[in-house]
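Read the structure below first, then the notes.
2 protein chains.
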Amino acid sequence: MTNAPSRKKQPQRVRRQLLEVAARLSLEQGIAAVTLDAVSQAAGVSKGGLLHHFPNKLALLDALFDDLVARFDSALDEAMAGDGVEKGRFTRAYLGVCFALDAEAEAQGWQMLTIALLAEPHLKARWREWVARRTAEFAATDSSPNCLLARFAADGVWLSDLMRSHDIDASTRAILLQKLNALSLE
Amino acid sequence: MTNAPSRKKQPQRVRRQLLEVAARLSLEQGIAAVTLDAVSQAAGVSKGGLLHHFPNKLALLDALFDDLVARFDSALDEAMAGDGVEKGRFTRAYLGVCFALDAEAEAQGWQMLTIALLAEPHLKARWREWVARRTAEFAATDSSPNCLLARFAADGVWLSDLMRSHDIDASTRAILLQKLNALSLE
DNA sequence: CTTGACAAACCGTCCAGACGGTATGTTTAT
DNA sequence: ATAAACATACCGTCTGGACGGTTTGTCAAG
Chain A
1 MTNAPSRKKQ PQRVRRQLLE VAARLSLEQG IAAVTLDAVS QAAGVSKGGL
51 LHHFPNKLAL LDALFDDLVA RFDSALDEAM AGDGVEKGRF TRAYLGVCFA
101 LDAEAEAQGW QMLTIALLAE PHLKARWREW VARRTAEFAA TDSSPNCLLA
151 RFAADGVWLS DLMRSHDIDA STRAILLQKL NALSLE
Chain B
187 MTNAPSRKKQ PQRVRRQLLE VAARLSLEQG IAAVTLDAVS QAAGVSKGGL
237 LHHFPNKLAL LDALFDDLVA RFDSALDEAM AGDGVEKGRF TRAYLGVCFA
287 LDAEAEAQGW QMLTIALLAE PHLKARWREW VARRTAEFAA TDSSPNCLLA
337 RFAADGVWLS DLMRSHDIDA STRAILLQKL NALSLE
């Protein structure tokens, strides 16, 4: 009964809708288009409703960031679980996730938004924190120059997808992934 | 006589000052801090004066972008001029410039600003154009997967510098550059 | 060498709109 | 009943930019 789908109000659903709309807006029209008015209206909620879920704009962006990082983390963990080799495991997971981001449907939320977030000094610092945590966590298995190089290349590919600047064809993309995976084992 | 330095007014100097101030502001306080008021005031010019040089804000950002790309291009050309080997020459120049951006004094203007610009859809498109032009230009010598990989890695390093997220020590950095340069010749 | 006409460079002010946020009401679920 | 989940109305501030005026440079005619 508790989780029977009550029809009238679904706060969690509204919350998600708001985050998704904010992501879409930043993707399509840049960070400047992410205003409380625009987001709430596009989500079919009043501005008051939006401010009920997120007390201020920074809280909205923070939540967006949390959402993104959480998805990224879980994708990484999942990828690592299916990898029997210890050496470079984190790097391979990183590679797989970054290369896959292009095709995913969920990826839309990422793209432009990510850069927009990184333009905000506050969130830039939070991202820095995340990187430091993860790299320290897997320093034993993924700190070799080759692994570092592979991850940097993955970032480059991710950035390229973000900008749609390169239009790498699928076969070349596969070759790159293969080369980088090989690097993680050397 | 025509180009004798007249003391009273130096429009080109003012124009440069405005661009530099805009770059500095975006670097230190994020893109949101780049307002006509803030830029003009920090540059010691009235808002009217700013709007005389740049008819609107977009024109200011566009000029900023042009300035950045021009510097990048000339740095690339200079690097290429000192490289006798044809194969992968562009890639090596790209690597050199990207790796050097961290240390340069002028690089300050880059950093945050670049990301801020890329967050603007209009400028994102212009950047895409630039990439397309340059990669087409050097398709004959720099289109191998290894070169592509190296350039992606350079982008990753550049991004890392931008975020100050990695803090790569100098020796590791040198190793990476060496490995990537080698890739451009394979 | 003036002088006057004209243009470029620059200033100071004002305004309409947008934006973030508050205060308060109304509906819905438990 | 009570609290969460919304809606409506409104306010203060900031921002882009328009506008009219003022100073500074240029140049040619007298």
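Here the protein sequences line up with chains A and B, keeping their order. With the working numbering as the guide, the letters of the first sequence map in order to residues 1 to 186. With the working numbering as the guide, the letters of the second sequence map in order to residues 187 to 372. Think of the CB as a built atom: it goes at the ideal place given N, C-alpha and C, for glycine as much as any other residue. None of these values were measured; they are calculated from a predicted model.
Whole-angstrom distance between residue j and residue i, CA atom to CA atom
i: A:Val69; j: A:Leu162; result: 16 Å
i: A:Leu183; j: A:Ala150; result: 7 Å
i: A:Ala12; j: B:Gly216; result: The question names Ala, but residue 12 of chain A in the sequence shown is Gln. For A:Gln12 and B:Gly216, the distance between alpha carbons rounds to 32 Å.
i: B:Thr188; j: B:Val207; result: Any reading at B:Thr188 must be qualified, since the residue scores a pLDDT of 34, below 50, and its modelled position is unreliable; the value itself is stated next. Near 29 Å, if we compare the C-alpha coordinates of B:Val207 and B:Thr188.
i: A:Leu148; j: A:Ala63; result: 29 Å
i: B:Pro191; j: B:Arg201; result: Caution is warranted here: a pLDDT of 40 is assigned to B:Pro191, below 50, making its placement in the model unreliable, and the coordinate value is therefore given only provisionally. Each residue's alpha carbon lies about 16 Å from the other.
i: A:Leu42; j: A:Ala32; result: Per the sequence shown, the amino acid found at residue 42 of chain A is Ala instead of Leu. Between A:Ala42 and A:Ala32, the C-alpha separation is close to 15 Å.
i: B:Val283; j: A:Thr172; result: 25 Å
i: B:Leu204; j: B:Asn242; result: 13 Å
i: A:Ala81; j: A:Thr141; result: 15 Å
i: A:Arg71; j: A:Arg126; result: 16 Å
i: A:Leu101; j: A:Ala59; result: 25 Å
i: B:Ala302; j: B:Arg210; result: 12 Å
i: A:Leu176; j: B:Pro331; result: 7 Å
i: A:Gly156; j: B:Asp341; result: 5 Å
i: A:Phe99; j: A:Asp167; result: 13 Å
i: A:Leu123; j: B:Thr300; result: 17 Å
i: B:Glu372; j: B:Phe276; result: 14 Å
i: B:Ala339; j: A:Phe152; result: 5 Å
i: A:Leu50; j: B:Gly230; result: 40 Å
i: A:Trp130; j: B:His239; result: 42 Å
Coil, strand or helix - residue i by DSSP
i: B:Lys243; result: helix
i: B:Asp341; result: helix
i: A:Arg164; result: coil
i: B:Thr358; result: helix
i: B:Gly235; result: helix
i: A:Ala103; result: coil
i: B:Asp263; result: helix
i: A:Val85; result: coil
i: A:Leu185; result: coil
i: B:Gln364; result: helix
i: A:Gln10; result: coil
Enclosing alpha helix (DSSP H) for residue i [first to last residue]
i: A:Phe99; result: 89-100
i: B:Glu323; result: 307-323
i: A:Ala38; result: 36-42
i: B:Ser329; result: Where B:Ser329 is concerned, there is no enclosing alpha helix (DSSP H), given that its DSSP letter is neither H nor E.
#### Entry: Residues from the region 325-359 of chain B in contact with chain A, defined by Cβ distance under 9 Å
Pro331, Asn332, Leu334, Leu335, Ala336, Arg337, Phe338, Ala339, Ala340, Asp341, Gly342, Val343, Trp344, Leu345, Ser346, Leu348, Met349, Arg350, Ser351, His352, Asp353, Ile354, Thr358
### Task
Please list the residues of the region 24-54 of chain A that have a C-beta atom closer than 7 Å to any C-beta atom in chain B, keeping them in chain order.
Gln29, Gly30, Ile31
### Query
Going along the chain, which residues of the region 301-325 of chain B sit with their C-beta nearer than 7 Å to a C-beta in chain A?
Ile301, Ala302, Leu304, Ala305, Glu306, Pro307, Lys310, Trp313, Arg314, Val317
### Message
So if I threshold CB-CB distances at 7 Å, which residues from the region 253-275 of chain B count as touching chain A?
### Response
none
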